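Student: Under my numbering, the residues of the sequence shown are numbered 210 to 311, in order. For each residue, glycine too, the CB sits at the ideal point set by N, CA and C. These numbers were taken from a predicted model, which means no experiment stands behind them. Just passing along the structure, written as structure tokens.
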Amino acid sequence: MAEAAEAAPILDACRAALRFAGCTDYDEEVSDLIGAARAKMRAGGVSGEKSEDDADPLVRIAIKTYVKANFGMDNPDATRYAEAFESYVTQMKCTAEYGARS
């Protein structure tokens, strides 16, 4: 399916993952979380170039997972999503395609 028929911008994808696709009220918080996810990926060993690649499905799912883990205050699934994000970062950093070069 032609790369998900041109992937939606990451902010739109995160809104959809949070189940408020049409609402822009939280865009500032979600945008900050997207930036934080990218920073955590880089700190965890993913190359800076890859952490910014919004067309990459693994990067997109990692960012959406991070956003779901950290959005709002009362999220009973936050720990599960945070662990999943860390797992994605670990998988990425261990591959030549995603890992930062020393």
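1. Give the DSSP-derived three-state secondary structure of Gly314 in the structure shown.
2. Which same chain residues end up closer than 8 Å to Gly257 when comparing Cβ atoms and leaving out the 5 residues on each side of it in sequence?
3. Output the boundary residues of the alpha helix (DSSP H) element that contains Thr233.
4. To the nearest angstrom, how far is it from the Cα of Tyr275 to the Cα of Ile243?
5. How should Asp301 be labelled, buried or exposed, when 16 other C-beta atoms within 10 angstroms of its C-beta is the threshold for buried?
6. Rounded to whole angstroms, what's the CA-CA distance from Val239 to Asp263? Just pull it up for me.
7. In angstroms with no decimal places, state the Cα-to-Cα distance between Pro285 and Tyr307.
8. Please report the distance separating the alpha-carbon of Ala214 from that of Gly281.
9. For Arg247, which residues from the same chain have a beta carbon less than 8 Å from its beta carbon, with the 5 sequence-adjacent residues on both sides left out?
Tutor: Answer, in terms of the structure:
1. A question about residue 314 goes unanswered here, because the residues of the chain that appear run from 210 up to 311.
2. Arg251, Ala309
3. First-last for Thr233: undefined, no H or E at that position.
4. 8 Å
5. According to the sequence shown, residue 301 is Met rather than Asp. Buried, since its Cβ has 16 or more Cβ neighbours within 10 Å.
6. 15 Å
7. 30 Å
8. Because Ala214 sits at a pLDDT of 43, beneath the cut-off of 50, its placement in the model cannot be relied upon, and the point is left open.
9. Ser260, Glu261, Ile272
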